[in-house]
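Novice:
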Amino acid sequence: MTSAPDNRPGRDLTGEGEAFYHLLFGKKAPIGTGDAYARACRILFPPQEHFPLEPLPHSRSALEALELATRLAKPLNQLTRRVHIILYIAEADPGHFSTFVPQRSNRIGAWPRLGFHFIRTIVLFIRGTWLRRRYPID
Amino acid sequence: MTDIIIVGSGASAMAAAWELRDRDVLILDTGLTPPAAPQIKGNLFDLRRNDKDQEKYILGDRFQSLVNIQRSDLVSVKLKGPLIDFVIRGFPDMAPVDVQGFSPFISYARGGLANAWGAGAYRYSDYDLADFPITAGDLEPFYDELTDHMGISGANDYLEPFFGRIEGLQPPLPFNRNCGRFFRCWNRRRGRMARGGLHLGRTQLTLLTRELDGRPAYSGDSTSFFTTANPSIYTPAITLERLIRRANIRYLPGWMVERFSASGEKVEIQARSLEDKSPRTFRGRHLLLAAGAINSGRIVLRSFDDTRTRLPILDNPVSFIPFVNMAAIGSATDMAGYEGGQLILIYEGPRFPKRVQGSMYSIISPLRSDLFFNFPFSLQGNLALMRNIIPAMTVLQLFYPDSPRNGNFLQLRENNRLKIQYREVPRLGALESLLIRRFLSMGFVSLPQLVQFPKPGNSIHYAGTIPMERRGLPYHTDRHGRLNRSPRVRLIDGSVFPSLPAKNLTFTLMANAMRVARDLKRSD
Numbered sequence: 001m002t003s004a005p006d007n008r009p010g011r012d013l014t015g016e017g018e019a020f021y022h023l024l025f026g027k028k029a030p031i032g033t034g035d036a037y038a039r040a041c042r043i044l045f046p047p048q049e050h051f052p053l054e055p056l057p058h059s060r061s062a063l064e065a066l067e068l069a070t071r072l073a074k075p076l077n078q079l080t081r082r083v084h085i086i087l088y089i090a091e092a093d094p095g096h097f098s099t100f101v102p103q104r105s106n107r108i109g110a111w112p113r114l115g116f117h118f119i120r121t122i123v124l125f126i127r128g129t130w131l132r133r134r135y136p137i138d
Numbered sequence: 139m140t141d142i143i144i145v146g147s148g149a150s151a152m153a154a155a156w157e158l159r160d161r162d163v164l165i166l167d168t169g170l171t172p173p174a175a176p177q178i179k180g181n182l183f184d185l186r187r188n189d190k191d192q193e194k195y196i197l198g199d200r201f202q203s204l205v206n207i208q209r210s211d212l213v214s215v216k217l218k219g220p221l222i223d224f225v226i227r228g229f230p231d232m233a234p235v236d237v238q239g240f241s242p243f244i245s246y247a248r249g250g251l252a253n254a255w256g257a258g259a260y261r262y263s264d265y266d267l268a269d270f271p272i273t274a275g276d277l278e279p280f281y282d283e284l285t286d287h288m289g290i291s292g293a294n295d296y297l298e299p300f301f302g303r304i305e306g307l308q309p310p311l312p313f314n315r316n317c318g319r320f321f322r323c324w325n326r327r328r329g330r331m332a333r334g335g336l337h338l339g340r341t342q343l344t345l346l347t348r349e350l351d352g353r354p355a356y357s358g359d360s361t362s363f364f365t366t367a368n369p370s371i372y373t374p375a376i377t378l379e380r381l382i383r384r385a386n387i388r389y390l391p392g393w394m395v396e397r398f399s400a401s402g403e404k405v406e407i408q409a410r411s412l413e414d415k416s417p418r419t420f421r422g423r424h425l426l427l428a429a430g431a432i433n434s435g436r437i438v439l440r441s442f443d444d445t446r447t448r449l450p451i452l453d454n455p456v457s458f459i460p461f462v463n464m465a466a467i468g469s470a471t472d473m474a475g476y477e478g479g480q481l482i483l484i485y486e487g488p489r490f491p492k493r494v495q496g497s498m499y500s501i502i503s504p505l506r507s508d509l510f511f512n513f514p515f516s517l518q519g520n521l522a523l524m525r526n527i528i529p530a531m532t533v534l535q536l537f538y539p540d541s542p543r544n545g546n547f548l549q550l551r552e553n554n555r556l557k558i559q560y561r562e563v564p565r566l567g568a569l570e571s572l573l574i575r576r577f578l579s580m581g582f583v584s585l586p587q588l589v590q591f592p593k594p595g596n597s598i599h600y601a602g603t604i605p606m607e608r609r610g611l612p613y614h615t616d617r618h619g620r621l622n623r624s625p626r627v628r629l630i631d632g633s634v635f636p637s638l639p640a641k642n643l644t645f646t647l648m649a650n651a652m653r654v655a656r657d658l659k660r661s662d
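Take a look at the structure:
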């Protein structure tokens, strides 16, 4: 995916942030999340660093698979860095406090949950490796 | 003309200034300060749960906390928050450095790097001082005075043979969940571990568990990763606040000292204003340099227009080993636990030629987003790991000793930029593998692949540029910190350490600075 001047209007970046929020948390982004994402992108990334989201797969699991395979091959890639911004923004939202800081123990439930995600990660990695050929990300 | 000029306001500078508090002292400092607002007031977790404006001090209006998403050479989690990044602000722009194999953190802040230190106070023993022209006995009275001045909590325990017996300690903090379990498991195996060269005890922390001189005891507010305004944790800025109330102590922030020249009974210091870049000369009878090992080296070389000499540089090689307390997987976050280092590990055995020291931390208050992509699962998998594993995680940070090597040096260039090269790095990993095997039997699990070996410079323990030695070379000092080329100038920071033990140096460089200051008083 090549770099080109990023002169997208604010709502493009806002929409991109909302899409990444949905990818992470599987629900509609709270008001202001997309705008905070757009502000962060303008501050953190140089203007020439353009990351078009449109050509990427629209399915949530396909995008997750692509992100995983890309990250394991290239940790500082464009897609992961942008998802990371949304993660920080969500963490600074009191509505997400319990997502990040568990307040109740669930020591028995933890093991099957982690086992499930271990297997799911392997499946997604295989799928993501295949997707990377079609959607290479810098 | 001022009697004594001190350059810097970090740990050594403030220890010397405290010793000289009855003399006519001018403290010259760059003196960058944290923003006046916002402030963090209250328990971090209460604020995180309720405060809708937390983005201002958690992320920053310019998203300062996200600095690491763009770089592989990471800024310490403790130095990047919007209320704490002033500690390393201005570097490298204020004094450029060209680096090879080294990733320095230099502070121009009021109070220096110790604004964000781990608060561990460790006394050097004669073993640690083997290369120094002084003994532990020379430092002991100053360690004792500093213990009373700063307030140190802890206990004389199994590590007494390595740190000596310390009087005047405040009671230790209770262990957080993971460190407490680790300590109990270790105690059941203590004899076997000791036979293998491994020793474990409580950390001595400059953190109050009892009120001292108007400073409150630690309240368990968990804010130390986000603000330096924690009066229960000692920082040099606390001493500075007390000193500047005295009429005979003048504090002048906003000045970058560039060079000095000494003649007869006086020293002239040339500095440049940070505000308008205008030069100014300050005159004193004595100069105490405490700009930090790297900048003190730069000032000395510039003073003699020396672009040929290579000064040695020391830095503790570091590794980080994450461990998971298997018994705590799926637990709630230990929000009442202290997030700093609570346990000290000493290794003395065949895996490394000298003693190695480690600090064990539990991950309690840092942002989970800082750690999220260290896990190798998918996004949803990492969310699950974050919730279930982080409350069970501890990190062992190992520090290795360092001594001068030809490939590690700093040198002034013709354009006044400093060159730092650090090429000779010891081969690490053997001790980490041993510890991973030993800790497994206690239910603390890790993998060699998860161990991180940051680039040299990340210890933020720099030393040895102008060492105190008996050889009397021009860029050495005598045992009282007097620069051989210019005895009216004394070096009082880490630059005078001829070698760097694995123990955190801050408490010792404070004790040594006091020792040098007392010698100045006595000999003047």
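Chains as they are written, first to last, in my numbering: chain A, 1 to 138; chain B, 139 to 662.
Here a beta-carbon is modelled for each residue, glycine too, at the ideal position from N, C-alpha and C.
(1) So which of B:VAL215, B:ALA153, B:LEU336 and B:VAL235 has the shortest CA-CA distance to B:PHE280?
(2) Could you give the distance in angstroms between the alpha-carbon of A:LEU87 and the alpha-carbon of B:SER507?
(3) Heavy atom of the ligand GTP less than 7 Å from the Cβ of A:ILE85, yes or no?
(4) Return the first residue and the last residue of the alpha helix (DSSP H) that B:GLY318 is part of.
(5) Identify the continuous alpha helix (DSSP H) that holds B:MET524 and give its terminal residues.
(6) Measuring alpha carbon to alpha carbon, tell me which of B:ASP199, B:ALA151, B:ARG159 and B:SER203 ends up nearest B:LEU505.
(7) Starting from the Cα of B:ARG319, find the closest Cα among B:ILE226, B:ALA465, B:LEU439 and B:PHE398 and give me that residue.
(8) Give a yes or no on whether the minimum CB-CB distance between A:MET1 and chain B is below 8 Å.
(9) Taking contact to mean 3 or more Cβ pairs, one atom from each stretch, closer than 8 Å, check whether the segment 531-546 of chain B and the segment 103-113 of chain A are in contact.
(10) Would you mind telling me which residues of chain B sit closer than 8 Å to A:ALA19, beta carbon to beta carbon, in chain order?
(11) Would you decide whether A:ILE119 is buried or exposed? Buried here means 16 or more other CB atoms lie within 10 Å of its CB.
(12) So, is B:TYR265 buried or exposed, given that buried needs 16 or more other C-beta atoms within 10 angstroms?
(13) With H, G and I counted as helix, E and B as strand and the rest as coil, what does DSSP make of B:PHE420?
(14) I'd like to check one pair, B:ILE143 with B:PHE442: are the Cβ atoms closer than 8 Å?
(15) Assess contact between the segment 228-243 of chain B and the segment 580-590 of chain B, defined as three or more Cβ pairs (one per stretch) separated by less than 8 Å. Is contact present?
(16) Please decide whether A:ALA40 counts as near chain B, where near means a Cβ-Cβ distance under 8 Å.
(17) Since B:PRO460 is in the beta strand (DSSP E), which residue starts that stretch and which ends it?
(18) Quick check: the segment 555-565 of chain B against the segment 507-527 of chain B, are at least 3 beta-carbon pairs closer than 8 Å?
(19) Taking B:LEU197 as the query, report the chain A residues whose CB atoms sit under 9 Å from its CB, ordered along the chain.
(20) Between which residues of its own chain and B:GLY239 is the CB-CB distance below 8 Å, once the five residues before and five after are set aside?
(21) Beta carbons nearer than 8 Å to chain B: which residues of the segment 58-87 of chain A have them?
(22) Under a Cβ-count criterion, where at least 16 other Cβ atoms within 10 Å of its own Cβ denotes burial, should B:ARG328 be classed as buried or exposed?
(23) Is it buried or exposed, B:ILE382, if we count other Cβ atoms within 10 angstroms and call 16 or more buried?
(24) Beta-carbon separation of B:PHE364 and B:TYR195 under 8 Å?
(25) To the nearest angstrom, report how far apart B:GLU486 and B:ILE244 are at their CA atoms.
(26) Just checking: is the beta-carbon of A:HIS22 within a distance shorter than 8 Å of some beta-carbon in chain B?
(27) Can you grab the Cα-Cα spacing for the pair B:GLY258 / B:THR344, in whole Å?
(28) What whole-angstrom Cβ distance do B:LEU166 and B:LEU390 have, given they're in contact under 8 Å?
(29) Under 8 Å Cβ to Cβ from B:THR273, same chain only, skipping five residues before and after it: list those, please.
(30) What's the C-alpha gap between B:GLU298 and B:LEU483?
(31) What residues from chain A crowd round B:GLN590, counting only those whose CB sits closer than 9 Å?
(32) Let me know the secondary structure DSSP gives B:THR140 once reduced to three states.
(33) Between A:ARG132 and chain B, is any beta-carbon pair separated by less than 8 Å?
(34) Return helix, strand or coil for B:LEU267, following the three-state DSSP convention.
(35) Taking A:GLU145 as the reference, give the member of A:HIS84, A:THR70 and A:ALA62 with the closest Cα.
(36) Closer than 7 Å between beta carbons: that is the criterion. Which residues of the segment 501-516 of chain B meet it against chain A?
Specialist: Quick look at the numbers:
(1) For the residues B:VAL215, B:ALA153, B:LEU336 and B:VAL235, the minimum Cα distance to B:PHE280 belongs to B:ALA153.
(2) Between A:LEU87 and B:SER507, the C-alpha separation is close to 6 Å.
(3) Among the components modelled here there is no ligand, and therefore nothing to report on the ligand GTP.
(4) From DSSP, the alpha helix (DSSP H) with B:GLY318 extends over 315-326.
(5) Note, B:MET524: alpha helix (DSSP H), 517-527.
(6) Taking B:LEU505 as reference, the option from B:ASP199, B:ALA151, B:ARG159 and B:SER203 with the minimal CA-CA separation is B:SER203.
(7) Nearest to B:ARG319 by alpha-carbon distance, out of B:ILE226, B:ALA465, B:LEU439 and B:PHE398, is B:ALA465.
(8) Model confidence at A:MET1 stands at a pLDDT of 42, short of 50, so the residue's coordinates are unreliable and nothing is read from them.
(9) Not touching, per the Cβ criterion.
(10) What A:ALA19 touches in chain B: nothing, since even the nearest Cβ is about 13 Å away.
(11) Exposed, since its Cβ has fewer than 16 Cβ neighbours within 10 Å.
(12) Answer is exposed; the Cβ neighbour count stays below 16.
(13) When secondary structure is reduced to three states using DSSP, B:PHE420 falls in the strand class.
(14) No, these two residues do not count as a Cβ contact at 8 Å.
(15) No, the segment 228-243 of chain B is not in contact with the segment 580-590 of chain B.
(16) For A:ALA40, the closest Cβ of chain B is nearer than 8 Å.
(17) 456-463 is the span of the beta strand (DSSP E), which, as asked, contains B:PRO460.
(18) No, the segment 507-527 of chain B is not in contact with the segment 555-565 of chain B.
(19) Ordered by position in chain A, the residues that pass the 9 Å Cβ test against B:LEU197 are ALA36, ALA40, TYR88, ILE89, GLU91 and ALA92.
(20) If you ignore the 5 residues before and after B:GLY239, its C-beta comes within less than 8 Å of the C-beta of GLN559, TYR560, ARG561, VAL563, LYS593 and PRO594, all in its own chain and listed in chain order.
(21) Cβ proximity to chain B below 8 Å picks out GLU64, ALA65, GLU67, LEU68, ARG71, LEU72, PRO75, LEU76, THR80, ARG81, VAL83, HIS84, ILE85 and LEU87 from the segment 58-87 of chain A.
(22) So B:ARG328 counts as exposed.
(23) Burial is judged here by how many other beta carbons sit within 10 angstroms of a residue's own beta carbon; B:ILE382 has fewer than 16 and is exposed.
(24) Closer than 8 Å, so yes.
(25) Going by the C-alpha atoms only, they are around 31 Å apart.
(26) It does not; no Cβ of chain B falls within 8 Å.
(27) Distance from the CA atom of B:GLY258 to the CA atom of B:THR344, rounded to whole angstroms, is 6 Å.
(28) Right, the Cβ-Cβ distance comes to about 5 Å (below 8 Å), so this counts as a contact.
(29) Same-chain partners within the cutoff: ASP264 and LEU267.
(30) Those two C-alpha atoms are separated by around 12 Å.
(31) The premise fails here: B:GLN590 is roughly 13 Å from chain A at the closest Cβ pair, so nothing lies under 9 Å.
(32) Shown here, B:THR140 sits in a strand according to DSSP, grouped into three states.
(33) Not one chain B Cβ lies under 8 Å of A:ARG132.
(34) Of the three classes helix, strand and coil, the one that applies to B:LEU267 here is coil, per DSSP.
(35) Limits of chain A in this structure are 1 at one end and 138 at the other, which puts residue 145 of chain A out of reach.
(36) For the segment 501-516 of chain B, which is checked against every Cβ of chain A, the residues closer than 7 Å are LEU505, ARG506, SER507, PHE510, PHE511, PRO514, PHE515 and SER516.
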